[in-house]
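Undergrad: Take this structure first; my questions come after.
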Amino acid sequence: MKKISLPILLPWLVGGVLALVALMGMYYLQPLLVFLAFVAMVCVLIVWNNPMLGIYFVVFFLPFERIGSYEFAGITVRFSQLFTVITLGVWLMRGLIAKKLFFHKNPLFWPMIVFIAINIVSLVSAVNVGRSVMVLAFTIFTMLITFLLPNFVTSRDIVVRVAKILFACTLIVTLFGIYQFIGDLLGLPHTVTGLRSLYTKSVLGFPRVQSTALEPLYFANFLLLPAGWLYALFLKRNNAFRMRRVLPLLVLCGVNLVLTVSRGGYLAFAGMIVALTLFYLRHFFHPKRIVAMVSIFVVVTFVSLQFFSFDNATEKFTEHTAGVFQGASFEERTNTISIAWQVYKNHPFFGIGVGSFGPAAAKHPYLEPEAGWYIVNNEFLELLAEVGVVGFLAFLVIVGVLLVRSWQAWRRVRDPFLEASLVGLMGAFFGILIQYQTFSILYIMHVWFLIGLIISVQNIILEEKHH
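Sequence positions in the sequence shown follow the UniProt record's numbering and run 1 to 467.
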């Protein structure tokens, strides 16, 4: 009788356990539990046979934050998170079984461990321990993708596939964003368009596109990743992505960014484009690229104006985007920034606890306001308030290591595609740092994915065999 090895048997055992959970869910009349168990069972079997597929699924589902997610027991379950957990678990189990668990170089490992440790220390001063522990757990979870990616994205070919998958999902969500805008204008209910009621035309006189993201500003933040990568590939000639394939998607990203009506997103996008243009200034001044850039600007401007050419929408749009220093939003930001500075002065070293600014700014630390917990709307200031100057410096070390190592890799790179990828991804990271001046949520999946991808590209470039 042929012996069945553990690596073959294990996924079926896991699948059997999940099937049992599904049966229990049916017994207790919880169809959502049945569905989630079934989906998890299928995902485990797929990823076990080829763990790299798990990473590809994570890439594809990155922008699906709200649409494509499920609420279960008060927790939002997203496919990108599900595949991250499954891929990590499968990778660890396969490595331990085969006794060949190998960790690729990750210079951010210890800086991130130190940052997490400081966050844990800050819990001593937490005014709402439950909230703080939850935020810390979310932050650590999203950081897992940064630890995981360098162990999978280990060659130029894999980076090309990741880019293709990312651009494919970007095409889907940007087309869906345009559908949202047009659908809301035509009077389709938000249950059909997928827009939250906060962002329909009944609020500002025009819809704000959020696509599959939770909010327009999150969608704008995600768009920085593909747009920065695409723009660098456009500026740096390479044999992986030609100009004619890059430009249409870049136009779609630009139009969707305008339709988010996110002022922070506009600022971040502008800063990213300027930084990448200056970095590749020699490549920019080429007749074909200048004509292409002018064409992109004209098309994005024209299409955006057409979308806002109804019922004085252009005037309302201009008034909203230009009114940076007025209105309820400005007053709220001024108030939260003032509170954050005061909190930092009172707790300068380790802050008042990770995730504790909202409870500290509320009337009572355990009573969440109807609109949700307050945020500072400035990530760096929120870090100072919540984890103090020690935690803030630890975060700056993460940023600094990323910058220094990217510079070292750029000086050694010879492959045009890898160079454009490194520069474009760093440009996107720079844009995200700019947008972090206007909002303050650290546990965002695509942000830590971007950081992990930058480390992966750096590793590929710095390996001796690349040269």
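All C-beta atoms in this analysis are idealised placements derived from N, C-alpha and C, irrespective of residue type, glycine included.
Can you list, in chain order, the residues of its chain with a C-beta nearer than 6 Å to that of Gly183? Leave out the 5 residues immediately preceding and following it.
TA: Here residue 183 corresponds to residue number 183 of the sequence shown, with the count starting at 1. Closer than 6 Å at Cβ, skipping near neighbours: Thr193.
Undergrad: Would you mind working out which of Tyr231, Leu257, Phe241 sits nearest Thr277, comparing C-alpha positions?
TA: Looking up residue 277 in the sequence shown gives position 277. The alpha carbon of Thr277 has as its nearest neighbour, out of Tyr231, Leu257, Phe241, the alpha carbon of Tyr231.
Undergrad: Out of Phe147, Ile461, Lys99, Thr438, point me to the one whose CA is closest to Leu267's CA.
TA: Locating residue 267 in the sequence shown gives position 267, where the first residue counts as 1. Here the closest residue by C-alpha is Thr438.
Undergrad: Pull up the distance between the alpha-carbon of Leu149 and that of Leu422, whole angstroms please.
TA: In the sequence shown, residue 149 corresponds to position 149, counting from 1. In the sequence shown, residue 422 corresponds to position 422, counting from 1. Taking the straight line from one Cα to the other gives about 15 Å.
Undergrad: Output the distance between the C-alpha atoms of Met26 and Ala40, rounded to the nearest integer angstrom.
TA: Stepping through the sequence shown from its first residue, residue 26 is reached at position 26. Stepping through the sequence shown from its first residue, residue 40 is reached at position 40. For Met26, the predicted model reports a pLDDT of 47, less than 50, meaning its position is unreliable; a value from the coordinates is still stated below. Rounded to whole angstroms, Met26 to Ala40 spans 16 Å at the Cα level.
Undergrad: How many angstroms separate the CA atom of His283 from the CA atom of Tyr56?
TA: The residue labelled residue 283 in the question sits at position 283 within the sequence shown. The residue labelled residue 56 in the question sits at position 56 within the sequence shown. Between the alpha carbons of His283 and Tyr56 lies a distance of about 31 Å.
Undergrad: Could you check the C-alpha separation between Ser202 and Leu195 for me, to the nearest Å?
TA: Here residue 202 refers to the residue found at position 202 when the sequence shown is read from its first residue. Here residue 195 refers to the residue found at position 195 when the sequence shown is read from its first residue. Each residue's alpha carbon lies about 12 Å from the other.
Undergrad: Roughly how many whole angstroms lie between the Cα atoms of Ile120 and Val389?
TA: Looking up residue 120 in the sequence shown gives position 120. Looking up residue 389 in the sequence shown gives position 389. If I take the Cα positions, the gap works out to 15 Å.
Undergrad: Do the region 326–345 and the region 375–389 meet, that is, are 3 or more Cβ pairs less than 8 Å apart?
TA: yes
Undergrad: In three-state DSSP terms, what is Asn238?
TA: Working through the sequence shown from its first residue, we reach residue 238 at position 238. Three-state result, Asn238: coil.
Undergrad: Give the DSSP-derived three-state secondary structure of Glu463 in the structure shown.
TA: Sequence index remark: in the sequence shown, residue 463 carries index 463 (1-based). Reduced to three states, the DSSP call for Glu463 is coil.
Undergrad: On a Cα-Cα basis, can you pick out the residue from Arg94, Phe61, Arg66 that is closest to Leu82?
TA: The sequence position of residue 82 within the sequence shown is 82, counting from 1. Selected option, being the one with the closest Cα: Phe61.
Undergrad: Excluding the 5 residues preceding and the 5 following Trp91 in the sequence, name in chain order all residues of the same chain whose CB lies nearer than 6 Å to its CB.
TA: On the sequence shown, residue 91 is found 91 positions in, with the first residue counted as 1. Within its own chain, the residues whose Cβ lies closer than 6 Å to the Cβ of Trp91, once the five positions on either side in sequence are excluded, are Pro51, listed in chain order.
Undergrad: With respect to 6 Å, is the separation between the Cβ of Val376 and the closest non-hydrogen atom of the ligand FAD below this value?
TA: With respect to small molecules bound, the structure shown includes none, and the ligand FAD cannot be examined in it.
Undergrad: Is it buried or exposed for Thr174, if we count other Cβ within 10 angstroms and need 16 for buried?
TA: Indexing the sequence shown from 1 puts residue 174 at position 174. Classification for Thr174: buried.
Undergrad: Cβ of Ser80 within 7 Å of Cβ of Met426?
TA: Working through the sequence shown from its first residue, we reach residue 80 at position 80. Working through the sequence shown from its first residue, we reach residue 426 at position 426. Against a cut-off of 7 Å, the Cβ pair of Met426 and Ser80 comes out as no contact.
Undergrad: Can you give the Cα-Cα distance for Trp373 and Gly358, rounded to whole angstroms?
TA: The count along the sequence shown starts at 1 and reaches residue 373 at position 373. The count along the sequence shown starts at 1 and reaches residue 358 at position 358. About 5 Å.
Undergrad: Would you call Glu65 buried or exposed, if buried means 16 or more other Cβ atoms sit within 10 Å of its Cβ?
TA: Numbered from its first residue, the sequence shown carries residue 65 at position 65. Per the 10 Å Cβ criterion, buried.
Undergrad: Label Glu370 either buried or exposed according to how many other C-beta atoms from any shown protein chain fall within 10 Å of its C-beta, with 16 as the threshold for buried.
TA: Mapped onto the sequence shown, residue 370 falls at position 370. Exposed is the call here.
Undergrad: For Tyr28, collect the residues of the same chain with a Cβ closer than 8 Å to its Cβ; drop the 5 residues on either side in sequence, then sort them by chain order.
TA: Within the sequence shown, numbered from 1, the residue matching residue 28 stands at position 28. Model confidence at Tyr28 stands at a pLDDT of 49, short of 50, so the residue's coordinates are unreliable and nothing is read from them.
Undergrad: Measuring CB to CB, does Gln210 end up less than 7 Å from Phe222?
TA: As a position in the sequence shown, residue 210 is number 210, starting the count at 1. As a position in the sequence shown, residue 222 is number 222, starting the count at 1. Contact flag unset, no.
Undergrad: Does the Cβ of Glu315 have 16 or more other Cβ atoms within 10 Å, making it buried, or fewer, making it exposed?
TA: On the sequence shown, residue 315 is found 315 positions in, with the first residue counted as 1. By the neighbour-count rule (16 or more Cβ atoms within 10 Å), Glu315 is not buried but exposed.
Undergrad: Let me check understanding here. Comparing Cα to Cα, which of Met293, Leu217, Val127, Leu185 lies closest to His347?
TA: As a working mapping, residue 347 is identified with position 347 in the sequence shown. The shortest CA-to-CA distance from His347 to any of Met293, Leu217, Val127, Leu185 is the one to Val127.
Undergrad: Using only alpha-carbon positions, find the residue among Leu257, Leu247, Thr301 that is nearest to Arg289.
TA: Working through the sequence shown from its first residue, we reach residue 289 at position 289. Nearest of Leu257, Leu247, Thr301 to Arg289, Cα basis: Leu247.
Undergrad: Kindly provide the ranges of any alpha helix (DSSP H) runs that are 4 or more residues long and lie completely inside the region 134–180, ordered along the chain.
TA: none
Undergrad: Taking only three categories from DSSP, how would you classify Ile46?
TA: Here residue 46 refers to the residue found at position 46 when the sequence shown is read from its first residue. Three-state DSSP puts Ile46 in a helix.
Undergrad: Should Leu224 and Ile97 be called a contact, given that it needs their Cβ atoms to be closer than 7 Å?
TA: As a working note, residue 224 is residue 224 in the sequence shown. As a working note, residue 97 is residue 97 in the sequence shown. Result no, Cβ atoms of Leu224 and Ile97 do not sit closer than 7 Å.
Undergrad: For Phe279, tell me which candidate among Leu235, Phe330, Leu108 has the shortest Cα-Cα distance.
TA: Within the sequence shown, the letter at position 279 stands for residue 279. Ranked by Cα distance from Phe279, the options Leu235, Phe330, Leu108 are led by Leu235.
Undergrad: Ser211 by DSSP, collapsed to three states: which one?
TA: Start at 1 with the first residue of the sequence shown, and residue 211 comes out as number 211. Here Ser211 sits in coil by DSSP.
Undergrad: By the 10 Å Cβ neighbour count, where 16 or more other Cβ atoms means buried, how is Arg333 classified, buried or exposed?
TA: As a first step, residue 333 is located in the sequence shown; it is residue number 333 there, counting from the start. Buried, since its Cβ has 16 or more Cβ neighbours within 10 Å.
Undergrad: Is Ile145 closer than 7 Å to Gly452 when the C-beta atoms are compared?
TA: Taking the first residue of the sequence shown as position 1, residue 452 is located at position 452. Taking the first residue of the sequence shown as position 1, residue 145 is located at position 145. Yes; because the gap between Cβ atoms is below 7 Å, this pair is in contact.
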